[in-house]
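Step one of this worksheet: look at the structure below.
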Amino acid sequence: MSTHVLAAVMDRLKQLTGAQTDAELSRALSISPQTLSSWKVRNSIPYSLCIKMATHYACSLDWLLLGRDQAGFSPQDDGAWESDLLGRLRSLSPTDRQAILLVIKDKQRIQLLEQRLTELGMHPGSSGIP
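Everything in the sequence shown is counted per the numbering used here, starting at 1 for the first residue and increasing by one.
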(Lines of atoms letter the chains of each structure in order from A and count residues from 1; the text may use other names and numbers.)
(Lines give C-alpha, C1' and ligand atoms only; values in the text may rest on other atoms or scores of the structure.)
Protein backbone atom coordinates (compact mmCIF):
# COMPACT_ATOMS: atom_id res chain seq x y z
CA MET A 1 0.00 0.00 0.00
CA SER A 2 1.48 3.36 -0.94
CA THR A 3 1.72 6.21 1.53
CA HIS A 4 -0.90 8.13 -0.47
CA VAL A 5 -3.33 5.18 -0.38
CA LEU A 6 -2.76 4.60 3.34
CA ALA A 7 -3.35 8.29 4.08
CA ALA A 8 -6.62 8.17 2.13
CA VAL A 9 -7.78 5.07 4.05
CA MET A 10 -6.85 6.77 7.34
CA ASP A 11 -8.82 9.86 6.26
CA ARG A 12 -11.87 7.72 5.52
CA LEU A 13 -11.50 5.96 8.90
CA LYS A 14 -11.44 9.38 10.54
CA GLN A 15 -14.54 10.34 8.59
CA LEU A 16 -16.34 7.17 9.74
CA THR A 17 -15.40 7.56 13.39
CA GLY A 18 -15.66 11.35 13.56
CA ALA A 19 -12.02 11.58 14.59
CA GLN A 20 -10.14 14.77 13.77
CA THR A 21 -6.65 13.69 14.84
CA ASP A 22 -4.57 10.53 14.83
CA ALA A 23 -4.91 10.37 18.62
CA GLU A 24 -8.71 10.46 18.35
CA LEU A 25 -8.58 7.83 15.60
CA SER A 26 -6.45 5.50 17.69
CA ARG A 27 -8.96 5.81 20.55
CA ALA A 28 -11.87 5.17 18.18
CA LEU A 29 -10.13 2.06 16.84
CA SER A 30 -9.18 0.92 20.36
CA ILE A 31 -5.49 0.80 19.48
CA SER A 32 -2.48 2.63 20.85
CA PRO A 33 -1.11 5.69 19.07
CA GLN A 34 2.12 3.69 18.63
CA THR A 35 0.24 1.01 16.69
CA LEU A 36 -1.24 3.63 14.39
CA SER A 37 2.20 5.13 13.92
CA SER A 38 3.68 1.73 13.04
CA TRP A 39 1.01 1.24 10.38
CA LYS A 40 2.10 4.51 8.83
CA VAL A 41 5.76 3.51 8.91
CA ARG A 42 4.98 0.14 7.30
CA ASN A 43 2.42 1.66 4.88
CA SER A 44 0.06 -1.08 5.95
CA ILE A 45 -3.21 -1.41 7.81
CA PRO A 46 -4.72 -4.75 8.90
CA TYR A 47 -7.33 -5.91 6.42
CA SER A 48 -9.27 -7.51 9.29
CA LEU A 49 -9.64 -4.08 10.91
CA CYS A 50 -10.95 -2.64 7.63
CA ILE A 51 -13.54 -5.42 7.43
CA LYS A 52 -14.53 -4.83 11.06
CA MET A 53 -14.93 -1.08 10.52
CA ALA A 54 -16.83 -1.49 7.24
CA THR A 55 -19.21 -3.90 8.95
CA HIS A 56 -19.63 -1.75 12.05
CA TYR A 57 -20.28 1.46 10.09
CA ALA A 58 -22.22 -0.26 7.28
CA CYS A 59 -19.98 1.06 4.52
CA SER A 60 -18.46 -0.82 1.61
CA LEU A 61 -14.86 -1.97 1.56
CA ASP A 62 -14.63 -0.41 -1.90
CA TRP A 63 -15.28 2.95 -0.33
CA LEU A 64 -13.06 2.41 2.71
CA LEU A 65 -10.08 1.03 0.79
CA LEU A 66 -10.47 2.63 -2.65
CA GLY A 67 -12.68 5.66 -2.14
CA ARG A 68 -15.35 4.26 -4.44
CA ASP A 69 -19.00 3.86 -3.66
CA GLN A 70 -20.87 0.60 -4.11
CA ALA A 71 -21.67 1.48 -7.71
CA GLY A 72 -17.93 1.83 -8.38
CA PHE A 73 -17.83 5.62 -8.63
CA SER A 74 -14.97 7.59 -7.16
CA PRO A 75 -15.27 11.25 -6.09
CA GLN A 76 -13.53 12.23 -9.33
CA ASP A 77 -16.49 10.86 -11.34
CA ASP A 78 -18.12 14.29 -11.00
CA GLY A 79 -21.89 13.93 -11.10
CA ALA A 80 -22.04 10.25 -12.08
CA TRP A 81 -22.93 9.18 -8.54
CA GLU A 82 -25.67 11.81 -8.38
CA SER A 83 -27.23 10.56 -11.59
CA ASP A 84 -27.04 7.00 -10.32
CA LEU A 85 -28.61 7.98 -7.01
CA LEU A 86 -31.42 9.94 -8.64
CA GLY A 87 -32.17 7.03 -10.96
CA ARG A 88 -32.34 4.65 -8.02
CA LEU A 89 -34.59 7.01 -6.04
CA ARG A 90 -36.95 7.46 -8.97
CA SER A 91 -37.37 3.70 -9.26
CA LEU A 92 -38.70 3.47 -5.68
CA SER A 93 -42.28 3.80 -4.60
CA PRO A 94 -43.40 7.17 -3.18
CA THR A 95 -43.63 5.58 0.28
CA ASP A 96 -40.02 4.35 0.09
CA ARG A 97 -38.82 7.74 -1.18
CA GLN A 98 -40.59 9.43 1.76
CA ALA A 99 -38.94 7.01 4.21
CA ILE A 100 -35.51 7.82 2.73
CA LEU A 101 -36.22 11.54 2.95
CA LEU A 102 -37.07 11.18 6.65
CA VAL A 103 -33.79 9.34 7.30
CA ILE A 104 -31.86 12.08 5.49
CA LYS A 105 -33.60 14.79 7.51
CA ASP A 106 -32.85 12.93 10.76
CA LYS A 107 -29.20 12.59 9.78
CA GLN A 108 -28.99 16.31 8.98
CA ARG A 109 -30.59 17.21 12.33
CA ILE A 110 -28.09 15.02 14.17
CA GLN A 111 -25.19 16.63 12.28
CA LEU A 112 -26.50 20.09 13.13
CA LEU A 113 -26.82 19.18 16.82
CA GLU A 114 -23.30 17.72 16.85
CA GLN A 115 -21.99 20.90 15.21
CA ARG A 116 -23.71 23.04 17.84
CA LEU A 117 -22.30 20.89 20.65
CA THR A 118 -18.82 21.30 19.18
CA GLU A 119 -19.31 25.07 18.94
CA LEU A 120 -20.29 25.09 22.61
CA GLY A 121 -17.07 23.27 23.45
CA MET A 122 -18.76 19.96 24.09
CA HIS A 123 -18.07 16.84 22.10
CA PRO A 124 -20.74 14.30 21.17
CA GLY A 125 -20.51 11.36 23.54
CA SER A 126 -18.85 13.37 26.30
CA SER A 127 -20.22 13.79 29.78
CA GLY A 128 -21.45 17.27 28.92
CA ILE A 129 -18.75 19.00 30.93
CA PRO A 130 -16.68 21.30 28.67
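For glycine and all other residues, C-beta sits at the position ideal for the given N, C-alpha and C.
Computed from a predicted structure; not experimentally measured.
Exposure of Leu89 is indicated by the presence of fewer than 16 other C-beta atoms within 10 angstroms of its C-beta. Cβ neighbours of Ser26 within its own chain (closer than 8 Å, five residues either side excluded): Ser32, Pro33, Thr35 and Leu36. Pairwise C-beta distances place the segment 49 to 58 in contact with the segment 6 to 21, as three or more of them are shorter than 8 Å. Judged by their CB atoms, Thr17 and Ala28 are nearer to each other than the 8 Å cut-off. In this structure, DSSP gives Gly67 a state outside helix and strand, which the three-state scheme calls coil.
Beyond the five residues adjoining it in sequence on each side, Cys59 comes within less than 7 Å, by CB distance, of Leu16 in the same chain, given in chain order.
The beta carbon of Tyr57 is closer than 6 Å to those of Leu16 in its chain, skipping five residues each way along the sequence.
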